[in-house]
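Down below is the structure, laid out as C-alpha coordinates.
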Amino acid sequence: MPVLQIMQMLHELNDIHAEMRAWRHRIHRHPELAFQEEHTAELVATVLKEAGLHVETGIAGTGVVATLENGPGPAIGLRADMDALPLQELNTFEHR
2 MPVLQIMQML
12 HELNDIHAEM
22 RAWRHRIHRH
32 PELAFQEEHT
42 AELVATVLKE
52 AGLHVETGIA
62 GTGVVATLEN
72 GPGPAIGLRA
82 DMDALPLQEL
92 NTFEHR
(Lines of atoms letter the chains of each structure in order from A and count residues from 1; the text may use other names and numbers.)
(Lines give C-alpha, C1' and ligand atoms only; values in the text may rest on other atoms or scores of the structure.)
Protein backbone atom coordinates (compact mmCIF):
# COMPACT_ATOMS: atom_id res chain seq x y z
CA MET A 1 0.00 0.00 0.00
CA PRO A 2 1.50 3.37 -0.99
CA VAL A 3 2.55 5.70 1.82
CA LEU A 4 0.17 8.43 0.61
CA GLN A 5 -2.77 6.04 0.86
CA ILE A 6 -1.73 4.99 4.37
CA MET A 7 -1.42 8.63 5.45
CA GLN A 8 -4.91 9.35 4.07
CA MET A 9 -6.35 6.41 6.01
CA LEU A 10 -4.67 7.57 9.22
CA HIS A 11 -6.04 11.07 8.68
CA GLU A 12 -9.57 9.70 8.21
CA LEU A 13 -9.26 7.53 11.32
CA ASN A 14 -8.06 10.53 13.30
CA ASP A 15 -11.15 12.44 12.15
CA ILE A 16 -13.48 9.84 13.70
CA HIS A 17 -11.36 8.96 16.75
CA ALA A 18 -13.62 10.79 19.22
CA GLU A 19 -16.71 9.11 17.78
CA MET A 20 -15.10 5.67 17.97
CA ARG A 21 -14.10 6.33 21.58
CA ALA A 22 -17.70 7.34 22.38
CA TRP A 23 -18.93 4.02 20.94
CA ARG A 24 -16.52 2.10 23.18
CA HIS A 25 -17.55 4.08 26.26
CA ARG A 26 -21.24 3.55 25.47
CA ILE A 27 -20.74 -0.20 25.19
CA HIS A 28 -18.76 -0.29 28.46
CA ARG A 29 -21.39 1.78 30.30
CA HIS A 30 -24.11 -0.71 29.32
CA PRO A 31 -22.54 -4.19 29.46
CA GLU A 32 -24.62 -7.11 28.20
CA LEU A 33 -23.93 -10.79 28.84
CA ALA A 34 -23.51 -13.36 26.07
CA PHE A 35 -26.56 -13.78 23.83
CA GLN A 36 -28.15 -10.73 25.50
CA GLU A 37 -26.19 -8.02 23.62
CA GLU A 38 -29.29 -6.45 22.06
CA HIS A 39 -28.29 -2.79 22.47
CA THR A 40 -24.65 -3.47 21.59
CA ALA A 41 -25.64 -5.40 18.46
CA GLU A 42 -28.01 -2.58 17.46
CA LEU A 43 -25.24 0.02 17.88
CA VAL A 44 -22.73 -2.07 15.91
CA ALA A 45 -25.23 -2.74 13.10
CA THR A 46 -26.21 0.94 12.90
CA VAL A 47 -22.60 2.14 12.73
CA LEU A 48 -21.71 -0.42 10.06
CA LYS A 49 -24.80 0.42 7.97
CA GLU A 50 -23.95 4.13 8.20
CA ALA A 51 -20.47 3.25 6.91
CA GLY A 52 -22.07 1.70 3.84
CA LEU A 53 -21.63 -1.98 4.63
CA HIS A 54 -24.21 -4.68 3.97
CA VAL A 55 -25.33 -5.81 7.46
CA GLU A 56 -27.07 -8.97 8.61
CA THR A 57 -28.37 -9.18 12.18
CA GLY A 58 -29.80 -11.89 14.38
CA ILE A 59 -26.97 -14.32 13.65
CA ALA A 60 -27.17 -16.91 16.48
CA GLY A 61 -29.45 -14.46 18.28
CA THR A 62 -27.51 -11.24 18.68
CA GLY A 63 -24.65 -11.66 16.20
CA VAL A 64 -23.90 -9.12 13.47
CA VAL A 65 -22.23 -9.84 10.13
CA ALA A 66 -21.13 -7.00 7.85
CA THR A 67 -19.82 -7.31 4.31
CA LEU A 68 -17.79 -4.70 2.49
CA GLU A 69 -17.75 -5.43 -1.23
CA ASN A 70 -14.61 -4.35 -3.03
CA GLY A 71 -14.45 -6.55 -6.10
CA PRO A 72 -12.58 -9.80 -6.66
CA GLY A 73 -9.42 -10.55 -4.80
CA PRO A 74 -8.25 -11.59 -1.36
CA ALA A 75 -10.75 -11.52 1.50
CA ILE A 76 -10.29 -10.76 5.17
CA GLY A 77 -12.45 -12.00 8.04
CA LEU A 78 -12.66 -10.23 11.39
CA ARG A 79 -14.34 -11.55 14.50
CA ALA A 80 -14.99 -9.60 17.67
CA ASP A 81 -16.75 -10.33 20.95
CA MET A 82 -19.49 -7.96 22.10
CA ASP A 83 -20.46 -9.59 25.39
CA ALA A 84 -19.52 -8.55 28.89
CA LEU A 85 -18.26 -10.71 31.71
CA PRO A 86 -20.29 -10.94 34.94
CA LEU A 87 -17.80 -9.23 37.27
CA GLN A 88 -17.36 -6.04 39.26
CA GLU A 89 -14.56 -3.81 38.04
CA LEU A 90 -12.51 -1.98 40.64
CA ASN A 91 -11.50 0.87 38.35
CA THR A 92 -13.01 4.35 38.55
CA PHE A 93 -13.42 5.00 34.83
CA GLU A 94 -16.59 6.91 33.98
CA HIS A 95 -17.48 4.43 31.23
CA ARG A 96 -17.04 1.20 33.20
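Numbering of the sequence shown is given in this note's numbering, commencing with residue 2 and proceeding in unit increments.
Ideal Cβ positions, reconstructed from N, Cα and C, are used throughout, including at glycine.
- Less than 8 Å divides the Cβ of residue 35 from the Cβ of residue 84.
- Each of 15, 17, 25 and 38 was checked against the Cα of residue 64, and the nearest Cα belongs to 38.
- Per DSSP, the continuous alpha helix (DSSP H) segment holding residue 41 begins and ends at 39-51.
- In the three-state reduction of the DSSP assignment, residue 60 falls in the strand class.
- The segment 64-80 makes no contact with the segment 23-33, as fewer than three CB pairs between them are under 8 Å.
- Pairing residue 5 with residue 20, the inter-Cα distance amounts to about 24 Å.
- With a threshold of 16 other beta carbon atoms within 10 Å, residue 42 meets it and is buried.
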